[in-house]
Every structure is written in C-alpha cells, then in structure tokens.
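>
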C-alpha cells in the first residue's frame, strides 16, 4: 500500500500545477512544509481520495516533510451522513484524520447557528474567521500561528458574506427578525478587505514570515465584491490563498494591492482532489493538486486500514442508527398514489405527477415555511417519491420521500413568470409530468380540456406561451389575492427547478436569487414536521386529494 500510495502521489504531482516560486526568505525551514487542504467536501467521506486516503497521504508525506492539514469549509453538509447527524459525524471524522485548522463555509450553518457553534466545541482543531461576527464581536479567532524551526506561518480565515443568502436567514437573526450575525458585508467589499488586512497585519506583527489565507470566497461573478481576486487586489501581505466555495481547481498567480504576487489555489469538491501548498527550505512556494484519477475506490486500491477508515465506518454506523430513529409521526396516510382507483390488475395508480395530494401539500408547505420569506412554494411531483402510512416516521422514511439531495432556494420573479410556470406545470395533463408542481401559498384552476398553449423547445424545455391561444390556468390567487402579472413575488423551491432548469423550467433563468442551496430537501421536510408541526402530521392534511389548492375545471 505504501509503495502504491507513493506512486500515486508522484503521479498526482505531475498532473498538478506548480503555480509559482517566490524568492527565498529567511529564516529557513529545516524541512519542506506541505499544507494539505480540503474544501467543499460536502460529506463525501468515501468519495475521491476518501478521508482514509487523506489520512494515509498525510502520514506518508510526514515522513520527510512538515505537514499541516486544513479545511476551507462546507464539510458538514451535502449527504445524509451529514444531514442525519447534523454534521457531528463529519466533525468526528475530521478529528480522527487529524485536521489542524478549519474555517466555516456557508453551509456550516445549515443545521442552525446553535448546532454549528456546539460542533466547533467538539472539534479538536480551531475554526478561524476574521469577518464572522455577532453584533460586531468576532465569533472565532481571526488568525493563528504555526511554528516550525523558529519559522512562524500565519493562517487567516475569511468566510463569504454570500452565506446570508445561501443559508437560512433566520439562523442569523434574533427573535424579532433583526440580523445579529453577519460577515461584514457591504456594497463595495471594503469592510471585508479591511477585516482581512487587519488580521494579516496582526499576524505579521507577531512575527509571521509567511501568511496563508484560508478562504471560502470563490471565483464566481455573483460573489463580487468578495471574490478572491478582489480581496487580494485590495490587500497586502498575503503569500498564499487557499480557496473554496466555487468548487473550482484553478491554480493562479494574481497581484495584491502593491503589485506583488499571491498564489491562489482551489481544490474542487468531494475529495476528488486534495490541494497542497508547499513552502520549501529555500523559501520557495508552490501550489497544486493531488488528483484521484482512479476508477477504483481509494480504500480498495490502496488496501487502507487506518484511523480515517475506522472513522468512516463509525460515521456510517451512526447514520444507520439515525435512519432508523423515530423523529415524528403522522396521524393520516400521506399519498402519492390514488387512494381509491386501481389498475385492472389491482395495482396502485400514481397521481402525484398530475394532481394535488396531501403529501404534495405537506412538502410544498415545508418549503414555504422553511424559506421564512416566500410568497409561493413549488415542489415537483417527480421529486416526491414514496407515500407515508399513518404511524411513526423514521428519518429513513423522510429520506425516501426526498432522496435526491436538492436544496432549498428562493428567487424573485414576476407574476407573469409565475403564470408561465403554472402553464408549464400543467401542460401534460391529463397525462403525467415529473415537473407537475405541488403548491403552497397559491391556488388556481386548470382546465385540461383546453389545448396547452405552451410551446416547447426541441429539447422538450419550456420556450414560451402562445398568447394567441387560451391558457389552461385561471383564477390564480396568491395569499388570497388575485395574482398581479407585474408584481414581484418570492418563490421557494429547490435548486433543481429554480436554478438548474430542472423539468424544463427555463422561465426562471436569470431570476434574482435571495437564498441559494440553503438546506437539503429532506431536511426541509424534517424541520417543518418536527419544528413547526410539533412532530405530528395531522390537522389540515387529512384529505388524500389535498386542500383544494389546485381545482380541476369540471370536477
């Protein structure tokens, strides 16, 4: 295993990018320092290199080098093992693997502020952030120094202000709805630039020869004015910038405010790569990636047996235990199939993709409620997979309802776009359509006898509504009031439909995004049932065909 691991690491180095070499600096290290970094693992504990492979990598490199292992955020969310343990299983693995430092990403807050802050107490490593604060007081230390051979290396943490949009806003508010937690966000980015500069200056004043920024900022246009290049261009004193958030693998050299070079590295997601930054005995610096390019699991190929693997097994065991845990109950059967009609051979007839049901109402209500701000909620019938019988509900039951891992998202669109979306939703009636939406906050009438006015693209996506034809949808009410085609409405659903044109919903393209990929769909349903309904589904959901939000003309 050790020989094979060495070969793979050498190959990965050849495939990676040595980004830059600095002029030698003093004092000198007696051995090279390798900073391994992960980001946006999103609970991919046994994907790519796996945490077991990461543990082995760290141990192998430590034979001839100083090694530090750090994480740049979004570790605890993204798979059931994180959702069902609210991140605890992931922190346990990170403890076992031996992380030295971490920073919060935007998804560290997905299970609530109190939960994340408790997790940080269980971590055997410190969290850093120079801009995450409560009423102006930093929550975590902004920087830390690691020292080797008398050489001080400063680490500064910074978290994207986009967190307030991509997590649940109410987690950052007090009981009156006032934001008490923030990330020093402003319109021009100056507050974040100042926070980073302050931390860098402080760590330099403490004798740091090198400064490494651990960031969850990203390179996407929507992250402006807090993109990594914008922060670097407005600061000085940074040598290495290890970045996350965008899931990219860019290895670039960019210039700081004084025109000096800064090495920036991203390492992708799900442990497909492990990033590294090296500081040599001659003072040279470089960044790159260890890329897992094998089709076989790292655990199987390398024959791994180590603390990382044991932690993965323990996490999966904890997941199995959690999945069988009873978390709520339902006093009524919740349907995706017709409760009465059967096929000629007695089989159930699925209706969730062409008609309202009580389970559809429940799922849509969950999105409306958990968004905290939406006027309307849509949930595609194709994303509601099983029905629930009256009785106890386990976490596995909920997971089977929403198994795809889509995430709560909120956008702003016009009433006209809402009307077009409804026409697309019902365009296949009386036939099935996976994009047939279950709804909340809105009611309407549909007449399937009217030919659909929807025009599709060649790829079967929504193109437009032919206004020379009659519309199927009428009597549309939002919050009990007639819909206004020119008004802006806040719509909650998941990223699949609102951001990724899932089921052909192209009319949402370019919409203003208020919340992005906040929490997993199954967590949305769990939280609604346990927090808002008190753990019991009963009143309001006792009618199999729902509450009459979708009225079919002539029935």
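Numbering (the numbering used here), first residue to last: 16 to 570. Cβ coordinates follow ideal geometry from the N, Cα and C atoms, glycine included. Source: prediction; values computed, not measured.
1. Is it buried or exposed, residue 277, if we count other Cβ atoms within 10 angstroms and call 16 or more buried?
2. Just to confirm my understanding: we take residue 532, look at its own chain, exclude 5 residues before and 5 after, and list those with CB closer than 7 Å. What are they?
3. Check whether the Cβ atoms of residue 128 and residue 410 sit closer than 7 Å, and answer yes or no.
4. Give the C-beta separation of residue 248 and residue 271 to the nearest angstrom, bearing in mind that I take them to be a contact with Cβ-Cβ under 8 Å.
5. Identify the continuous beta strand (DSSP E) that holds residue 279 and give its terminal residues.
6. Please go through the same chain and pick out, in chain order, the residues whose beta-carbon is closer than 7 Å to the beta-carbon of residue 535, but skip the five residues on each side of it.
7. If the criterion is Cβ atoms closer than 7 Å, does the pair residue 441 and residue 461 meet it?
8. From residue 104 to residue 134, what does the alpha carbon distance come to, in whole angstroms?
9. Touch check for the stretch 535–546 and the stretch 433–451: three-plus C-beta pairs under 8 Å?
10. Relative to the C-alpha of residue 288, which residue among 61, 459, 305 is closest?
11. Alpha carbon to alpha carbon, how far is residue 274 from residue 417? Give it in angstroms, no decimals.
12. By alpha-carbon positions, which one of 64, 400, 215, 263 ends up nearest to residue 309?
13. Is the beta carbon of residue 268 sitting closer than 7 Å to the one on residue 224?
14. Identify whether residue 229 lies in helix, strand or coil by the three-state DSSP scheme.
15. Which class does residue 354 belong to by DSSP, given the choice of helix, strand or coil?
16. Provide the residue span of the alpha helix (DSSP H) that contains residue 219, from first to last.
17. Quick one: what's residue 505 bridged to in DSSP?
18. Please return the same chain residues whose Cβ sits closer than 6 Å to the Cβ of residue 498, not counting the five positions on each side in sequence.
19. Tell me which residues share the same chain as residue 521 and place their Cβ nearer than 7 Å to its Cβ, disregarding the 5 neighbours each side in the sequence.
20. Please report how far the alpha carbon of residue 69 lies from the alpha carbon of residue 82, in whole angstroms.
21. Which two residues bound the contiguous alpha helix (DSSP H) that contains residue 65?
22. Identify the continuous beta strand (DSSP E) that holds residue 588 and give its terminal residues.
23. Just list the residues that DSSP pairs residue 52 with in beta bridges.
24. Consult DSSP for residue 499 and reduce its assignment to one of helix, strand or coil.
25. Given 8 Å as the limit, is there contact between the stretch 368–387 and the stretch 551–559, that is, 3 or more CB pairs closer than that?
26. Rounded to whole angstroms, what is the Cα-Cα separation between residue 353 and residue 412?
27. Give me the Cα-Cα distance between residue 244 and residue 202, rounded to the nearest whole angstrom.
28. Which one or two residues does DSSP pair with residue 391 in a beta bridge?
29. Is residue 459 closer than 7 Å to residue 396 when the C-beta atoms are compared?
30. Residue 62 and residue 285 look like a contact to me (Cβ under 8 Å); what is the Cβ gap, rounded to whole Å?
31. Just mark residue 139 as buried or exposed, buried being the case when its beta carbon has 16 or more other beta carbons within 10 Å.
32. Is the separation between the beta-carbon of residue 506 and that of residue 426 shorter than 7 Å?
33. Are the beta-carbon atoms belonging to residue 344 and residue 408 less than 7 Å from one another?
34. Could you give the DSSP three-state label for residue 477: helix, strand or coil?
35. Contact between the stretch 321–336 and the stretch 83–92: three or more CB pairs below 8 Å?
36. With a threshold of 6 Å (Cβ to nearest heavy atom), would residue 151 be considered close to the ligand ADP?
Per the coordinate set shown:
1. For this step, residue 277 is matched to residue 262 along the chain shown. Buried is the call here.
2. Position 517 of the chain shown, counted from the first residue, corresponds to residue 532. Hits under 7 Å: 181, 422, 424, 510.
3. Here residue 128 corresponds to residue number 113 of the chain shown, with the count starting at 1. Here residue 410 corresponds to residue number 395 of the chain shown, with the count starting at 1. No, Cβ-Cβ distance for residue 128 and residue 410 is not below 7 Å.
4. For this step, residue 248 is matched to residue 233 along the chain shown. For this step, residue 271 is matched to residue 256 along the chain shown. Yes, residue 248 and residue 271 are in contact; Cβ-Cβ is about 7 Å, under 8 Å.
5. As a working note, residue 279 is residue 264 in the chain shown. Start and end: 276–281.
6. To locate residue 535, count along the chain shown from 1; it is residue 520. Its chain contains 98, 420, 422 as the residues whose beta carbon lies nearer than 7 Å to that of residue 535, once the 5 sequence neighbours on both sides are disregarded; these appear in chain order.
7. Here the question's residue 441 lines up with position 426 in the chain shown. Here the question's residue 461 lines up with position 446 in the chain shown. Closer than 7 Å, so yes.
8. Within the chain shown, the letter at position 89 stands for residue 104. Within the chain shown, the letter at position 119 stands for residue 134. Distance from the CA atom of residue 104 to the CA atom of residue 134, rounded to whole angstroms, is 10 Å.
9. Segments in contact, no.
10. Within the chain shown, residue 288 is the residue found at index 273, counting from 1. When only C-alpha atoms are compared, the closest one is 305.
11. Taking the first residue of the chain shown as 1, we reach residue 417 at position 402. Taking the first residue of the chain shown as 1, we reach residue 274 at position 259. Taking the straight line from one Cα to the other gives about 50 Å.
12. As a position in the chain shown, residue 309 is number 294, starting the count at 1. Ranking 64, 400, 215, 263 by Cα distance to residue 309 puts 64 first.
13. By one-based count along the chain shown, residue 268 stands at place 253. By one-based count along the chain shown, residue 224 stands at place 209. With respect to residue 224, residue 268 sits apart: the two C-beta atoms are not nearer than 7 Å.
14. Numbered from its first residue, the chain shown carries residue 229 at position 214. It is a strand residue.
15. The residue given as residue 354 occupies position 339 in the chain shown. If DSSP states are grouped into helix, strand and coil, residue 354 belongs with the strands.
16. Taking the chain shown and counting its residues from 1, the one referred to as residue 219 is at position 204. First-last of the alpha helix (DSSP H) with residue 219: 205–220.
17. Start at 1 with the first residue of the chain shown, and residue 505 comes out as number 490. Answer is 427, bridged to residue 505.
18. Here residue 498 corresponds to residue number 483 of the chain shown, with the count starting at 1. In its chain, beyond the 5 residues on either side, 430, 491 have a beta carbon closer than 6 Å to the beta carbon of residue 498.
19. Counting from one through the chain shown, the residue named residue 521 turns up at place 506. The residues are 476, 477.
20. Here the question's residue 69 lines up with position 54 in the chain shown. Here the question's residue 82 lines up with position 67 in the chain shown. Going from the Cα of residue 69 to the Cα of residue 82 covers about 12 Å.
21. Looking up residue 65 in the chain shown gives position 50. Unbroken alpha helix (DSSP H) run through residue 65: 65–76.
22. Residue 588 lies beyond the stretch modelled for the chain, which goes from 16 to 570, so this question has no answer here.
23. Along the chain shown, read from residue 1 onward, the residue named residue 52 stands at position 37. For residue 52, DSSP records a beta bridge to 85, 290.
24. Counting from 1 along the chain shown, the entry for residue 499 is found at position 484. Note: residue 499 maps to coil in three-state DSSP.
25. Touching, yes, given that three or more Cβ pairs across the two stretches are closer than 8 Å.
26. Translated into the one-based positions of the chain shown, residue 353 becomes position 338. Translated into the one-based positions of the chain shown, residue 412 becomes position 397. Computed Cα separation, rounded: 20 Å.
27. Sequence index remark: in the chain shown, residue 244 carries index 229 (1-based). Sequence index remark: in the chain shown, residue 202 carries index 187 (1-based). Approximately 17 Å between the Cα atoms of the pair.
28. For the purposes of this step, residue 391 is identified with residue 376 of the chain shown, where counting begins at 1. Paired residues: 506.
29. Taking the first residue of the chain shown as position 1, residue 396 is located at position 381. Taking the first residue of the chain shown as position 1, residue 459 is located at position 444. Cβ distance not < 7 Å, so residue 396 and residue 459 don't count as in contact.
30. Numbered from 1 along the chain shown, position 47 holds the residue referred to as residue 62. Numbered from 1 along the chain shown, position 270 holds the residue referred to as residue 285. Confirmed, Cβ separation roughly 5 Å.
31. Along the chain shown, read from residue 1 onward, the residue named residue 139 stands at position 124. A residue is called buried once 16 or more other Cβ atoms fall within 10 Å of its Cβ, and residue 139, having fewer, is exposed.
32. Along the chain shown, one-based indexing puts residue 506 at 491. Along the chain shown, one-based indexing puts residue 426 at 411. Yes, Cβ-Cβ distance for residue 506 and residue 426 is below 7 Å.
33. As a first step, residue 344 must be located in the chain shown, where it is residue number 329. As a first step, residue 408 must be located in the chain shown, where it is residue number 393. Going by C-beta atoms, residue 344 is nearer than 7 Å to residue 408.
34. One-based indexing of the chain shown puts residue 477 at position 462. Looking at residue 477 - three-state DSSP - the assignment turns out to be strand.
35. Taking a cut-off of 8 Å on C-beta distances, the stretch 321–336 does not touch the stretch 83–92, as fewer than three cross pairs fall below it.
36. Among the components of this structure there are no ligands whatsoever, and the ligand ADP is therefore not found.
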